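Visitor: Starting off with a structure, shown below.
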Amino acid sequence: MLEQTAESITAQVRQGEEKLAELQVTADGISSRVQDTEKGVSELRQTAEGLTARVGDNAGNIAALQLTAQGLTSRVQDTEGSISTLQQTATGLENRVSNAEGSISQVSQTATGLQSTVSSLDGKYTSLKQTVDGFNFDGLVTFNDLLKSGKTEINGANITTGNIDLNSVTLANGYGSLTMGRGSTGADRTRGARLNGPITTAGGTDYANYFFASDAAARMSGEDIFGITSLYVAPDEIHADITIDIGSDERIKNEISYDVAERYGAFFRALKPARYHMNDSRSGRCHTGFIAQQMRDALAETGLARQDLAALVQQGYDSEAEDGGGGQYSIRYGELIALNTAMVQQLLSRVDALESEVRALKGES
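Written out as structure tokens, the structure is:
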């Protein structure tokens, strides 16, 4: 069929009720349409401003294309609710993909940068922005299978990873740093990790407290204008530059009693000072001290329980188990200082009394 008027020309070809092809021409543009009831429909429209094409099938899937002098836009969607669009102009390119569940991914590119975003209906969101100034990430970043197997996660201010190989770490706001360190035992050079505190300046010199763990020992040092004071732990010794203060304020104690000599006198007499060598000693030197098991037995022999004296310690002690559970024993020698003092004072009192008796016997005043 052909129909012509002063405004338009329309041509139509039909095959039964299933198939139809139609063309229409006007001064504004040209439109064409092809339809098959079993397959779908396609449409094309051309005007002075642009060109539009649309194709759909009987299942509801649709693809559309629009072309103008300013740009190109394409759109594809299916019956499940998934949609992808692409828009291109002279200044940029934008791509967007979404589904019926509300998930959306989008990429936008211009001459000055590139930005991608991925979001979901439950509020999760990640974004990557790249410009000549660098990268800007929003959301969780995960790297998998880099040089070695494993992964690295970056989530805001948190980084979860495996091994980190670096020279130093500096804390913000001058709070300190973690660096590589070197030292000396006097005979050998040492190396290790050094954890530095904030730097303070006095008299034009910088000072910092630090902890240094090397292949020879671990050292903790306090540094100021008067010098360095250190405590270090080596495999065969613990050393401190000055005497270690022990908290002894009356206000942090309770049930204070001064009957040490009377309560522990029999225990003191039952102790057996010994000399011995350590099984794992490097120096081979002879030591003097006490044997923890002998001290344990002395407590029991004089009617004292372990709770009565903090000097004796056993790892994993179990009062219900045989031998306290079998854990290794140790002695807090500092707990015995007051006992030694009390016993010496008791002895001095006896000496004073005896000397007084001797003087009386001699008729001395």
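Quick note on our numbering: the sequence shown kicks off at 79 and runs consecutively.
Glycine included, each C-beta is placed from N, C-alpha and C at the ideal position.
Please read all numbers here as calculations on a predicted model, not as lab measurements.
Flag this pair as touching only if the region 231 to 239 and the region 264 to 278 have three or more C-beta atom pairs under 8 Å; answer yes or no.
Guide: They do not touch, by the three-pair rule.
Visitor: Rank Glu328, Ala399, Phe346, Gly404 by C-alpha distance to the C-alpha of Ala420 and give the top, closest one.
Guide: Nearest option by C-alpha distance: Phe346.
Visitor: Determine the contact status of Val133 and Ser152, defining contact as a CB-CB distance below 8 Å.
Guide: Contact flag unset, no.
Visitor: Do Val422 and Arg410 have their C-beta atoms within less than 8 Å of each other?
Guide: Contact: no.
Visitor: Going by the CB atoms, is the gap between Thr204 and Gly217 shorter than 8 Å?
Guide: It is a contact, given that the beta carbons lie within the stated cut-off.
Visitor: Looking at the strands, I want to know which residues DSSP matches up with Glu81.
Guide: Thr88.
Visitor: Is Pro276 near Tyr253, with beta carbons less than 8 Å apart?
Guide: Against a cut-off of 8 Å, the Cβ pair of Tyr253 and Pro276 comes out as a contact.
Visitor: From which residue to which residue does the beta strand (DSSP E) around Gln424 run?
Guide: No beta strand (DSSP E) contains Gln424, which is instead part of the alpha helix (DSSP H) from 415 to 439.
Visitor: If you scan the region 200 to 243 from start to end, which runs of the beta strand (DSSP E) of 3 or more residues do you find wholly inside it?
Guide: Entirely contained in the region 200 to 243, the beta strand (DSSP E) runs reaching 3 residues are, in chain order, 203 to 209, 212 to 216, 218 to 222, 229 to 233, 236 to 238.
Visitor: Where does Arg272 land, buried or exposed, given buried means 16+ other C-beta within 10 angstroms?
Guide: Answer is buried; the Cβ neighbour count reaches 16.
Visitor: Return the Cβ separation of Ser110 and Leu101 in integer angstroms, given the expectation that the two are a contact with Cβ distance under 8 Å.
Guide: Indeed they touch by this definition, with Cβ atoms about 5 Å apart.
Visitor: Can you find a CB in chain B that lies within less than 8 Å of the CB of Thr366?
Guide: Absent from the structure is chain B; it holds one protein chain and no more.
Visitor: For the beta strand (DSSP E) that contains Gln184, what are its first and last residues?
Guide: Unbroken beta strand (DSSP E) run through Gln184: 182 to 188.
Visitor: Since Leu145 contacts Leu129 with CB under 8 Å, what's their CB separation in whole angstroms?
Guide: Right, their Cβ atoms sit about 4 Å apart.
Visitor: Excluding five sequence neighbours on each side, which residues of the same chain lie with their C-beta closer than 6 Å to the C-beta of Thr115?
Guide: Same-chain partners within the cutoff: Glu96.
Visitor: I'd like to check one pair, Thr188 with Thr169: are the Cβ atoms closer than 8 Å?
Guide: The answer is yes: Cβ separation under 8 Å.
Visitor: Following the continuous alpha helix (DSSP H) through Ala370, name the residue where it begins and the one where it ends.
Guide: Run containing Ala370: 370 to 379, per the alpha helix (DSSP H) assignment.
Visitor: In whole angstroms, what is the alpha-carbon distance linking Asp106 and Ser86?
Guide: The straight-line gap from Cα to Cα measures roughly 10 Å.
Visitor: Take every Cβ of the region 331 to 348, pair it with every Cβ of the region 372 to 384, and state whether three or more of those distances are shorter than 8 Å.
Guide: They touch, by the three-pair rule.
Visitor: Assuming Leu414 and Ala389 are in contact, meaning their beta carbons sit under 8 Å apart, how far apart are those beta carbons, in whole angstroms?
Guide: At roughly 6 Å, the Cβ-Cβ gap stays under 8 Å, so Leu414 and Ala389 are in contact.
Visitor: Going by other Cβ atoms of all chains shown within 10 Å of its Cβ, with 16 needed for buried, is Ser292 buried or exposed?
Guide: Buried, since its Cβ has 16 or more Cβ neighbours within 10 Å.
Visitor: In whole angstroms, what separates the C-alpha of Leu164 from that of Ala142?
Guide: In a straight line, the C-alpha of Leu164 is about 11 Å away from that of Ala142.
Visitor: Let's test the definition: count the other Cβ atoms within 10 Å of the Cβ of Leu387 and tell me whether it reaches 16, buried, or not, exposed.
Guide: Buried, by the Cβ-count rule.
Visitor: Please list the terminal residues of the continuous alpha helix (DSSP H) segment that includes Gly305.
Guide: That residue, Gly305, is in no alpha helix (DSSP H); its beta strand (DSSP E) goes 305 to 312.
Visitor: Under 8 Å by Cβ, that's how I've got Gly367 and Ala352 pegged, so tell me the actual separation to the nearest angstrom.
Guide: With a Cβ gap of about 7 Å, Gly367 and Ala352 count as contacting.
Visitor: Let me know if Arg297 comes out buried or exposed under the rule of 16 or more other beta-carbons within 10 Å of its beta-carbon.
Guide: Buried, by the Cβ-count rule.
Visitor: Curious, which full-length beta strand (DSSP E) runs of at least 3 residues does the region 267 to 331 contain?
Guide: Counting only runs of 3 or more, we get 267 to 274, 278 to 280, 283 to 285, 288 to 292, 296 to 302, 305 to 312, 315 to 318.
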